[in-house]
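Residue numbers (the numbering used here), protein chains in the order written: chain A, -17 to 224; chain B, -17 to 224.
Ideal Cβ positions, reconstructed from N, Cα and C, are used throughout, including at glycine.
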């Protein structure tokens, strides 16, 4: 059976303007790979309802899991929850369990839990809450879509509570063989290996060290034996080079 | 007149597996913002022809400019040029000007410019070459799609030759005001500013310093006067806080 698939949707003008370097994608990519879920696509869109809704609907139909980051805070530009509700065609309102979590976070909730912060308790109908150990305001899951915060520390902590709820497949294992030869000189060998190993995937990534071009060859697959065999063949090639 | 729009398409399994952190998006986002081109969407897809072709065609119809990174090297997983040709419905073959550039890069081209490396001279019909000062193998532009290398150093150098060929709009200016108050306490002020300034966009980004939550408010717009005014209003608010 093929591994479950996933897509990531990063929401936020700050990524598209260059102000902020997205790191949540790399984090989730690593985590999903470990548990055998194939991240197949990533999209970044700005704080625009039409764009967010269209992207959520396109991705949730095509992939087993969708994860979003960004836009669930208390300010005017935090519109993700409303867009998700609209994408699913369900209502959205302040929910008591979410409000209770926020209340517990303030010394003086009557004053501190103002109108803006209460927006963080607005949850689409039918969603489950996702725990936020860092700053309390929860994320949520509705259908196959997991809605999380954009701040990397909070995103990571939310992912920790989400990961055990996902059904993974065969973990994608990988070995990397560093070859001190430019890609153009190992391409034929690689093509040969690709042909002989339909169950493995081979990636070749150039690097520069001491002014010399080299290639990191990454072999990925779910079968340890086949992976080892390909590694040996690459290692023999490296030994022949030196 | 609204600013021209753009999309970025990052191509490569290594981004989706978590092996590599994409930084090309952040680079191009910054560069485009400076010259008044609005980056509206980013997609990351793997080394899969159907996915690449579908993404290129979706993006080139919706945006004024499309930029791609990755998949134009000499190895079997470098399939971007073929996918672009297919997306545009044009032929692709080794082109003499591209081959000449590669020849000039090797001391011993008869030996060194092997079959694999020659693949880097395969250019879709009707494309213009994009200069690669670092490792010579050119990128190319066809229609509104600019095809560049994935290695960040090479991507950046290719962007330097592409930037002067683009038609920008009004540069999007921004000011950042750091407020030592959590987002939940400035949300009302922000909503007020948003309502009063339809030509500006306001983003609010939480940070933690010395264990205290604060908010960076970023105001973006093309009109310096309006930007200054919003900045003053935010600064007054900061002064009132202290």
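Check                                                                                                                        : Outcome
Contact set between residue 212 of chain B and chain A, taken where Cβ atoms lie within less than 8 Å                        : Chain A residues near residue 212 of chain B: none, gap ~14 Å exceeds 8 Å.
Contacts of residue 96 of chain B in chain A (Cβ-Cβ under 8 Å)                                                               : 166, 167, 169 and 170
Residues near residue 185 of chain A in its chain [Cβ-Cβ closer than 6 Å; skip 5 each side]                                  : 200
Interface partners of residue 50 of chain A on chain B, CB under 7 Å                                                         : Neighbours of residue 50 of chain A on chain B: none; closest Cβ ~14 Å, over 7 Å.
Below-8 Å beta-carbon distance, residue 72 of chain B vs any chain A residue                                                 : no
Nearest-angstrom Cα separation, counted from residue 148 of chain A out to residue 287 of chain B                            : No answer is possible for residue 287 of chain B: the residues shown for chain B start at -17 and end at 224.
Residue 77 of chain A - DSSP class collapsed to helix/strand/coil                                                            : coil
Test: residue -5 of chain B CB closer than 8 Å to a CB of chain A                                                            : yes
Local conformation of residue 148 of chain B per DSSP, three classes                                                         : coil
Contact with chain B by residue 191 of chain A, beta-carbon distance below 8 Å                                               : no
Under 7 Å by beta carbon: chain B residues contacting residue 21 of chain A                                                  : -2
Exposure label - residue 223 of chain A; buried when at least 16 CB within 10 Å                                              : exposed
Chain A within 8 Å of residue 219 of chain B, Cβ atoms only                                                                  : no
Buried versus exposed call for residue 194 of chain A [16 or more other C-beta atoms within 10 Å across all chains shown]    : exposed
Chain B within 8 Å of residue 128 of chain A, Cβ atoms only                                                                  : no
Straight-line gap, residue 6 of chain B to residue 25 of chain B (C-alpha atoms, nearest Å)                                  : 12 Å
Contacts of residue 154 of chain A in chain B (Cβ-Cβ under 8 Å)                                                              : -1
One or two residues paired with residue -1 of chain B in a DSSP bridge                                                       : For residue -1 of chain B, which the question treats as bridged, DSSP gives no partner whatsoever.
Pairwise C-alpha distance: residue 123 of chain A and residue 71 of chain A                                                  : 15 Å
Amino acids of chain A, ordered along the chain, whose beta-carbon sits closer than 9 Å to that of residue 184 of chain B    : 57, 58 and 59
Inter-stretch contact at 8 Å, needing at least 3 Cβ pairs: the region 164 to 175 of chain B / the region 26 to 46 of chain B : no
Boundaries of the beta strand (DSSP E) in which residue 72 of chain A is found, first to last residue                        : No beta strand (DSSP E) holds residue 72 of chain A; DSSP gives it neither H nor E.
Beta-carbon gap between residue 115 of chain A and residue 166 of chain B smaller than 8 Å                                   : no
8 Å Cβ cutoff, residue 25 of chain A in contact with chain B                                                                 : yes
Outcome for residue 90 of chain B when other beta-carbon atoms lying within 10 angstroms are tallied against a minimum of 16 : exposed
Per-residue burial, residue 76 of chain A [other beta carbons within 10 Å of its own, 16 or more giving buried]              : exposed
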